[in-house]
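What follows is a single structure, written as C-alpha cells, with notes after it.
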Amino acid sequence: MDLLALADFNLVARHGGFGKAARATGRPKATLSRRVGELESSLDLRLFERGARSLKLTEEGRALFERTGALLAELDETASAIASGGQRPRGRLRISAPLLFSQTAMGRIAAGFALKYPEVRLEVTTEDRPVDMIEEGYDLVIRVNPDPDESLVGRAFLRDRLVVVASPDLPRASGGLAAPGVARWAGDRQTWHVKTQGGRSTIAIEPVLALSMLIMVRDAVRAGVGAARLPISLVAHDLADGTLVLWGDIDGPEIALWALYPSRRLLSARVSAFLNFLKQAFPNGTPGELAAYIGR
0 MDLLALADFN
10 LVARHGGFGK
20 AARATGRPKA
30 TLSRRVGELE
40 SSLDLRLFER
50 GARSLKLTEE
60 GRALFERTGA
70 LLAELDETAS
80 AIASGGQRPR
90 GRLRISAPLL
100 FSQTAMGRIA
110 AGFALKYPEV
120 RLEVTTEDRP
130 VDMIEEGYDL
140 VIRVNPDPDE
150 SLVGRAFLRD
160 RLVVVASPDL
170 PRASGGLAAP
180 GVARWAGDRQ
190 TWHVKTQGGR
200 STIAIEPVLA
210 LSMLIMVRDA
220 VRAGVGAARL
230 PISLVAHDLA
240 DGTLVLWGDI
250 DGPEIALWAL
260 YPSRRLLSAR
270 VSAFLNFLKQ
280 AFPNGTPGEL
290 AAYIGR
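Quick note, the sequence shown lines up with residues 0 to 295 if you use numbering that gives the first Met the number 0.
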C-alpha cells in the first residue's frame, strides 16, 4: 500500500472533501483526487461515494480511516519528536469530559495545561454520553464509573462519594413520613438507603423538584427546598461552614473518574503529559482535592 496515497486519503476523509482538504493544506485538488483514485485501484475498493455536491465515506472507507488515521498521526508525531530531539508534547489533543467535572474543574485544569504545554492545541468537549473515541477523533475521554471495554485502557484518577444533604432548617423525616427532596428526575416517592455512624437506615423522600444538573440541585438544596443526593466534593464547603448538614452517605459503590484512551494506540507524548498533569492536580485522588477546585 502506498503510504503517501494513504495519507492523502486520510486528509480528504478528515476534512470531508477534496476541495476542503486542498484549501486547508495548500495541496492541489487534482493531486489529492489522483492519489485517492490510485489507492482505490490498488485495493480494488471504492472508498468514497462521490455525489454532485457531496463526498461520503463508504463502509470500507470508514473502516480504513478509523484504523489508519491514528497510526498515521503517531508516525507523524514520532518523526517530529525525532527531528526536534525529544518527545516534547505538541499537536492537537481532543478530550471528552463529563458535564459536572467540566463545570467544576476542567476550565482551571485546561488553562494550567495550556500554560505548561503551549505547543499542544487542547480541545475539550463536554458530554455525558459514551463517545466512540476512534470514529469521533478523541485522544482521551474522562468518564464516571465506565463499563469495562477491552478496546480502552486507562486509570482512575479521582474518587468521590454520594451523600444526602439538606438545609439545617429542614426537619429530617421520621415515623414513615417523607421529607421533601430534590431529584434528578420526576417521579413518585423514593427511598434512599444511607450509612451513618449509627448504622444503615432508609430515608423516605417526596420529590418536590426535578432538576437535571447537579449544580442546580445543589443550589436548590442551599435554598432549603428539600434534601438531595450529591457528590460530597460539591457540598464539602457547605458542610464545613454548616450551611448544609449531612444526613448520611449513600449506601452503594463509590464514584470513580477514569481517564481512558484506545488500547491499540501508542501513548502519545501529549496524552501522557495530560495524564501526568491530572496526577499532579489530584495526587491522592480524594474528594477534598476536587472540592478545592470547586471553591465556595
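We treat Cβ as the ideally placed atom computed from N, Cα and C, and that holds for glycine. On a predicted model such as this, the values are computed, not experimentally measured, just so you know.
Quick check on DSSP: helix, strand or coil for residue i?
{"i": "Arg22", "result": "helix"}
{"i": "Glu205", "result": "strand"}
{"i": "Gly36", "result": "helix"}
{"i": "Glu65", "result": "helix"}
{"i": "Glu253", "result": "coil"}
{"i": "Arg45", "result": "coil"}
{"i": "Gly15", "result": "coil"}
{"i": "Arg52", "result": "coil"}
{"i": "Ser271", "result": "helix"}
{"i": "Pro261", "result": "strand"}
{"i": "Thr30", "result": "helix"}
{"i": "Gly198", "result": "strand"}
Kindly list the residues whose CB is nearer than 6 Å to the CB of residue i, restricted to its own chain and excluding five residues on each side of it in sequence; keep chain order.
{"i": "Leu10", "result": "Ala20"}
{"i": "Arg188", "result": "Ala177, Glu205"}
{"i": "Lys55", "result": "Glu48"}
{"i": "Arg52", "result": "none"}
{"i": "Ser166", "result": "Gly223"}
If I measure Cβ to Cβ from residue i and keep anything under 8 Å in the same chain, skipping five residues before and after, which residues do I get?
{"i": "Ile254", "result": "Val143, Asn144, Arg158, Asp159, Arg160, Leu161, Pro230"}
{"i": "Arg107", "result": "Tyr292"}
{"i": "Arg45", "result": "Glu39, Thr57, Glu59, Gly60"}
{"i": "Thr30", "result": "Asp7"}
Could you tell me the alpha carbon to alpha carbon distance between residue i and residue j, rounded to whole angstroms?
{"i": "Val220", "j": "Val123", "result": "30 Å"}
{"i": "Leu74", "j": "Val193", "result": "52 Å"}
{"i": "Ala72", "j": "Arg26", "result": "18 Å"}
{"i": "Gly15", "j": "Val152", "result": "30 Å"}
{"i": "Gly84", "j": "Glu118", "result": "With a pLDDT of 48 at Gly84, under the threshold of 50, the modelled position of this residue cannot be trusted, and the question is left open."}
{"i": "Asp138", "j": "Gly18", "result": "26 Å"}
{"i": "Pro252", "j": "Leu99", "result": "18 Å"}
{"i": "Ala280", "j": "Arg217", "result": "24 Å"}
{"i": "Arg297", "j": "Tyr116", "result": "Examination of residue 297 is not possible in this model, given that the chain is present from 0 through 295 alone."}
{"i": "Gly111", "j": "Ala268", "result": "17 Å"}
{"i": "Asn283", "j": "Ala155", "result": "11 Å"}
{"i": "Gly186", "j": "Ala239", "result": "31 Å"}
{"i": "Ala109", "j": "Glu37", "result": "42 Å"}
{"i": "Glu101", "j": "Thr67", "result": "Residue identity differs from the one stated: residue 101 is Ser in this sequence, not Glu. Their backbone Cα atoms lie some 30 Å apart in a straight line."}
{"i": "Gly90", "j": "Leu274", "result": "16 Å"}
{"i": "Thr358", "j": "Ile202", "result": "Outside the shown range of the chain (0 to 295) lies residue 358, about which nothing can therefore be said."}
{"i": "Leu3", "j": "Ser211", "result": "49 Å"}
{"i": "Ser32", "j": "Ala23", "result": "15 Å"}
{"i": "Pro179", "j": "Leu121", "result": "43 Å"}
{"i": "Tyr260", "j": "Gly197", "result": "42 Å"}
{"i": "Val130", "j": "Ala12", "result": "19 Å"}
{"i": "Glu65", "j": "Thr103", "result": "33 Å"}
{"i": "Arg34", "j": "Gly136", "result": "23 Å"}
{"i": "Pro147", "j": "Ala69", "result": "22 Å"}
{"i": "Gly241", "j": "Asp127", "result": "31 Å"}
{"i": "His236", "j": "Leu5", "result": "54 Å"}
{"i": "Leu296", "j": "Leu266", "result": "Outside the modelled stretch of the chain, which goes from 0 to 295, sits residue 296, for which no answer is possible."}
Hey, would you say residue i sits closer than 8 Å to residue j, going by beta carbons?
{"i": "Val270", "j": "Leu92", "result": "yes"}
{"i": "Ile94", "j": "Ile141", "result": "yes"}
{"i": "Asp1", "j": "Ser41", "result": "yes"}
{"i": "Ser173", "j": "Gly247", "result": "no"}
{"i": "Ala258", "j": "Leu289", "result": "no"}
{"i": "Ile249", "j": "Arg228", "result": "yes"}
{"i": "Val234", "j": "Val207", "result": "no"}
{"i": "Ile226", "j": "Ala209", "result": "Note on identity: in this sequence residue 226 is Ala, with Ile being the wrong assignment. Taking 8 Å as the Cβ cut-off, Ala226 and Ala209 do not qualify as a contacting pair."}
Got a sec: does the ligand FMN put a non-hydrogen atom nearer than 7 Å to the Cβ of residue i?
{"i": "Val140", "result": "Judged by which ligands are present, the structure shown has none, so any question about the ligand FMN falls away."}
For residue i, collect the residues of the same chain with a Cβ closer than 7 Å to its Cβ; drop the 5 residues on either side in sequence, then sort them by chain order.
{"i": "Pro170", "result": "none"}
{"i": "Ser232", "result": "Asp159, Pro286, Leu289, Ala290, Ile293"}
{"i": "Thr125", "result": "Ala96, Leu98, Ser101"}
{"i": "Lys28", "result": "Phe17, Gly18, Ala21"}
Minimum length 3: unbroken beta strand (DSSP E) runs contained in the stretch 145-188: 151-159, 161-165, 178-182
Which ranges does the beta strand (DSSP E) cover as unbroken runs of at least 3 residues, wholly within the stretch 88-153, from first to last along the chain? 90-96, 119-125, 139-143
Where are the alpha helix (DSSP H) runs, 4 residues long or more, that stay fully inside the stretch 214-249, in chain order? 231-240
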